[in-house]
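**Student:** Heads up, the sequence shown stops at 142 in the numbering used here, and the numbers go up one at a time, no gaps.
Backbone N, C-alpha and C fix where the C-beta goes; we use that ideal spot for every residue, glycine too.
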Amino acid sequence: MEELFESLKTDESIRWAVDVIDPRELSAKMLRKSKINLNEISHDSAIGLIKKALDPRVLISEVYLDTVGDAKKYRGKLSERFANIKFVVAKKADILYPVVSGASIVAKVNKVFSTVLWDKISR
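Now the structure itself:
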């Protein structure tokens, strides 16, 4: 997987970003009085990443996502916020769409890196 990640990093036609959420933030959101579930946290993360990707020099016409919760509701939520973007939200999107497979690789490698880093910090 790291080999694939390295090839994604060197491909100048591909741009990507990650949103690493502090585990303490996850716990705080899930345990507070007005709880926020993991699906909502994931949706907010995706929305934040899309906002960061919006740039007048870059045309974003389509976004492909693996579903978190109900695909139709998730697509609707995204379409309301970003009316000029076509959203494809599907179960097993990482199997169906190569771009999501690439995003999955980036996420998994960053998850491993973040976990190792958190482990070192917490000691």
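Taking Lys91 as the reference, which of Phe106, Lys54 and Val82 has the closest Cα?
**Tutor:** Phe106
**Student:** Can you give the beta carbon distance from Ala112 to Val119, rounded, assuming they're within the 8 Å contact cut?
**Tutor:** 4 Å
**Student:** Enumerate, from N- to C-terminal direction, the unbroken alpha helix (DSSP H) stretches of 4 or more residues contained entirely within the region 46-110.
**Tutor:** 57-72 and 90-100
**Student:** Mapping DSSP to helix, strand and coil, what is Asp155?
**Tutor:** There is simply no residue 155 to check, as the chain begins at 20 and stops at 142 in what is shown.
**Student:** By the three-class DSSP mapping on this structure, what secondary structure does Ser32 have?
**Tutor:** coil
**Student:** Which residues in the same chain as Ile69 place their Cβ atom closer than 7 Å to its Cβ, once the five residues preceding and following it in sequence are excluded?
**Tutor:** Apart from the 5 residues on each side of it in sequence, Ile69 sits with its Cβ closer than 7 Å to the Cβ of Val82 and Phe101 in its chain, given in chain order.
**Student:** Comparing alpha-carbon positions, which option in Leu115, Ser80, Ser133 and Gly95 lies nearest Ile104?
**Tutor:** Ser80
**Student:** Whole angstroms is fine: what's the gap from Gly95's alpha carbon to Glu22's?
**Tutor:** Distance between the alpha carbons of Gly95 and Glu22 is about 36 Å.
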